[in-house]
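So in this note's numbering, the last spot in the sequence shown is 515, and the numbers never skip.
No residue lacks a Cβ here, since even glycine has one placed at the ideal position from N, Cα and C.
A quick note: this is a predicted structure, and the numbers were derived from the prediction, not measured.
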Amino acid sequence: MFAEILSAALLGVDAYQVKVESHLENGQVAFTVVGLPDNAVKESRERVSAAIKNSGFVFPNRRITVNLAPADVRKEGSAFDLPMALGILCASGQVTVDRLASTAVLGELALDGKIRPVRGALPIASSLKHEGIERLIVPNENASEAALVQGIQVFPIASLRDVVDFLNGDNPCQPFVADRDALFAEARHDIGDFSEVRGQNSVKRALEIAAAGGHNLIMIGPPGSGKTMLARRLPSILPEFTLDEALETTRVHSVAGMMRPGQAIVAERPFRSPHHTVSDAGLIGGGMIPRPGEVSLAHNGVLFLDELPEFHKNVLEVLRQPLEDGIVTLSRAAISLSYPANFMLVAAMNPCPCGYLTDPEKECRCTPEQIRRYLSRVSGPLLDRIDIHVEVPRVPWKELSSDRPAEDSLAIRQRVSIARQRQNARFNGTRSDLYSNSQMTNREVERLAPLDSASMNVLHQAIERMGLSARAYHRIRKIARTIADLEGSETVRLPHVIEAVQYRSLDRVKDLAI
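Below, the structure written as structure tokens:
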């Protein structure tokens with residue numbers, strides 16, 4: 002007796018079709034799973050047998066072989082429990098197979114037959130739709146997420162008994178219909194506002210420029226100056242999160258198992274703030290069972306690294322490739338996976354070990370050698386990939402206690418959005434993946450952000466005096482182009498270049514340490 006049930010498995014942020022083949026024959030009673038299963042898949046034998054018995058069905062005392070095809074790709078996770086159980090019931094004649102045509106099945110089984118949610122419902126539904134699958138049976142908790150994919154019918158099921166009744170025609174289950182716009186609106190929440198931040202107008206200006214051009218930024222200042230508070234409010238001034246961007250981000254969070262119970266979509270730009278003890282695999286992804294790292298979870302959002310010099314140096318160095326390419330590629334002996342990692346990096350650090358090197362009120366007690374060692378924990382190549390360096394001074398009491406209302410995030414976001422629209426209009430006809438000034442190549446900088454002779458002379462003097470690299474030179478020009486976009490200027494002028502040069506504060510701090 003033989004039965005075949007369609008299912009799917011994750012491969013990075015995509016999925017591929019898996020055929021769960023069940024074969025029953027006479028002989029010594031056994032239950033074998035083949036097709037490169039991991040431990041979670043092997044353990045499904047116990048869950049499947051218990052769920053079948055506790056749901057009121059007969060578990061056949063036969064020799065059972067379940068094959069997961071293709072057999073040369075390793076299978077992970079518990080999503081094959083339900084298709085295995087259905088395959089056994091179909092092969093033993095307890096389920097009608099007519100309604101399984103062009104239908105895929107996902108779900109983890111509890112011992113009592115209830116169906117538990119699985120990871121990756123959205124990318125699995127998307128991939129199955131492209132492969133021509135018409136229907137998808139999923140756990141109740143995954144229905145709203147899977148139904149975000151239009152063009153495939155999604156049937157939410159609560160238990161193994163309900164699935165069997167549905168397939169036998171005894172349970173008239175209707176496909177779940179998701180209102181994508183409504184789910185997107187419902188999932189939005191308050192993320193803080195810039196009006197809550199007192200003072201720090203110069204830092205807010207730098208954050209506005211960073212948001213307008215998609216530039217990476219580092220804040221340097223004493224403890225308690227508000228670096229973390231400012232960083233957490235950066236997503237509130239980024240351009241509106243579009244539905245397409247939300248679906249891209251949701252795919253990553255779904256694969257990583259980061260979706261909250263009942264959550265169908267990630268509706269706000271992610272803000273990820275890993276602790277400085279994070280490993281390189283935790284930051285960029287990987288592990289025994291590869292998972293997306295923090296850089297991928299921050300896709301289309303912000304990755305905030307507080308106390309930057311406290312991170313292990315090897316961890317910081319692995320950031321260099323995703324910062325340049327916007328993608329993380331994990332290569333293993335058997336497989337190579339890619340995860341999107343298009344994020345804004347925002348970092349914060351003290352100017353010295355005690356934190357008071359640039360504080361006008363508190364005296365720094367660090368020696369020049371201590372300061373040099375502290376700053377050297379962040380490599381030059383990584384700093385070159387961070388466009389904007391800005392000092393965050395301590396907020397004076399007068400500003401801290403002021404009742405004057407500060408500008409809110411909505412007003413800043415409007416200016417940022419207008420600047421992004423100018424960039425998109427300028428990039429029309431160029432690369433399809435170019436959407437902000439920070440992504441311009443050196444050739445595109447020369448063509449789209451030309452400088453007059455006066456601006457070039459000022460920039461040359463700054464480069465010579467501060468000893469900046471060629472990469473920093475082009476990044477200054479990108480920042481100047483963004484400042485011009487915020488001002489509504491078609492050309493980059495001398496004031497734009499002068500302001501852009503000022504956003505290299507860390508270079509000046511290094512000079513103080515020498």
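Notebook entry, point to check: Tell me, which residues are paired with Met259 by DSSP?
Noted result: Met259 is not bridged to any residue.
Next item on the list: Please go through the same chain and pick out, in chain order, the residues whose beta-carbon is closer than 8 Å to the beta-carbon of Ile515, but skip the five residues on each side of it.
Entry: With a pLDDT of only 36 at Ile515, under the threshold of 50, the placement of this residue in the model should not be trusted; the figure read from the coordinates follows. Result list for Ile515: Pro369 and Arg373, in chain order.
Item checked: Phe428 in three-state terms, based on DSSP -> helix
Check: Are the C-beta atoms of Arg416 and some chain D residue less than 8 Å apart?
Finding: Absent here is chain D; the protein component of the structure consists of one chain.
Item checked: Proximity test, Asn315 beta-carbon vs the ligand ZN heavy atom, cut-off 7 Å -> As far as ligands go, the structure on display features none, and thus does not contain the ligand ZN.
Item checked: Identity of the residue in Met467, Asn55 and Leu90 nearest Phe3 by Cα -> Leu90
Notebook entry, point to check: Quick one: Cα of Asp99 to Cα of Pro173, how far?
Noted result: 15 Å
Next item on the list: Ignore the nearest five residues each way along the sequence and tell me which others in Asn143's own chain have a CB closer than 6 Å to its CB.
Entry: Pro118 and Ala122
Next item on the list: Could you name the residues that DSSP lists as bridge partners for Met289?
Entry: DSSP output for Met289 lists no bridge partner at all.
Next item on the list: Give a yes or no on whether the C-beta atoms belonging to Val393 and Gly200 are separated by under 8 Å.
Entry: no
Check: Under a Cβ-count criterion, where at least 16 other Cβ atoms within 10 Å of its own Cβ denotes burial, should Gly294 be classed as buried or exposed?
Finding: buried
Notebook entry, point to check: Per DSSP, what kind of secondary structure is Val502 in: helix, strand or coil?
Noted result: helix
Notebook entry, point to check: So what's His390 in DSSP terms, helix, strand or just coil?
Noted result: strand
Next item on the list: May I ask which residues mark the beginning and end of the alpha helix (DSSP H) holding Ala51?
Entry: Ser45 to Asn55
Check: Does the Cβ-Cβ distance between Ala540 and Ser128 come in under 8 Å?
Finding: Since the first and last residues shown for the chain are 2 and 515, residue 540 lies out of range.
Next item on the list: For the beta strand (DSSP E) containing Thr24, list its first residue and its last residue.
Entry: With the sequence shown as reference, residue 24 is identified as His, and Thr is not the correct amino acid for it. Where His24 is concerned, the enclosing beta strand (DSSP E) stretches over Asp15 to Glu26.
Check: Since Ile65 contacts His216 with CB under 8 Å, what's their CB separation in whole angstroms?
Finding: Rounded, the Cβ-Cβ distance is 58 Å, inconsistent with contact.
Check: Cα separation between Gly263 and Leu469?
Finding: 50 Å
Margin query: Whether or not the segment 35-53 and the segment 149-159 are in contact is what I'm after, with contact meaning three or more pairs of Cβ atoms, one per stretch, closer than 8 Å; do they touch?
Written below: no
Check: Hey, which unbroken runs of the alpha helix (DSSP H) at 4 residues or more fall wholly within the segment 167-235?
Finding: 181-187, 202-214 and 228-233
Notebook entry, point to check: Which word fits Lys363, buried or exposed, when buried means at least 16 other C-beta atoms lie within 10 angstroms of its C-beta?
Noted result: exposed
Next item on the list: Hey, could you find the ends of the alpha helix (DSSP H) Ser454 is sitting in?
Entry: Ser454 to Met467
Notebook entry, point to check: Leaving out the 5 sequence neighbours to the left and right, which residues in its chain are closer than 6 Å to Leu346 when beta-carbon positions are compared?
Noted result: Asn217 and Leu304
Note to self: At the level of alpha carbons, what is the spacing between Phe177 and Asn55?
What the structure shows: 27 Å
Notebook entry, point to check: Helix, strand or coil: how does DSSP classify Val510 here?
Noted result: Note that Val510 has pLDDT 47, beneath the 50 cutoff, so the model's placement of it is unreliable and no number is given.
Next item on the list: Flag this pair as yes or no: are the beta carbons of Pro323 and Glu269 separated by less than 8 Å?
Entry: no
Notebook entry, point to check: What is the rounded straight-line gap between the Cα of Met457 and the Cα of Ile210?
Noted result: 21 Å
Check: How would you label Gln151, buried or exposed, when you count the other beta carbons within 10 angstroms and need 16 or more for buried?
Finding: exposed
Notebook entry, point to check: Can you tell me whether DSSP reads Asn68 as helix, strand or coil?
Noted result: strand
Next item on the list: Check whether the Cβ atoms of Ala348 and Leu306 sit closer than 8 Å, and answer yes or no.
Entry: yes
Notebook entry, point to check: Is the Cβ-Cβ distance between Ile134 and Ile153 less than 8 Å?
Noted result: yes
Check: Ordered along the chain, which non-local residues of its own chain (more than five positions away) have a Cβ less than 6 Å from that of Phe167?
Finding: Cys174
Notebook entry, point to check: Where do the N-terminal and C-terminal ends of the beta strand (DSSP E) with Tyr340 fall, by residue?
Noted result: Ser337 to Pro341
Item checked: Gln422, DSSP secondary structure in three states -> helix
Next item on the list: Could you name the residues of the same chain whose beta carbon sits closer than 7 Å to that of His254, not counting the 5 residues immediately before and after it, in chain order?
Entry: Met260, Val267 and Leu298
Next item on the list: Note down, in chain order, each residue of its chain lying with its Cβ closer than 7 Å to the Cβ of Ala247, except the 5 sequence neighbours on either side.
Entry: Phe185, Ile266, Val267 and Ala268
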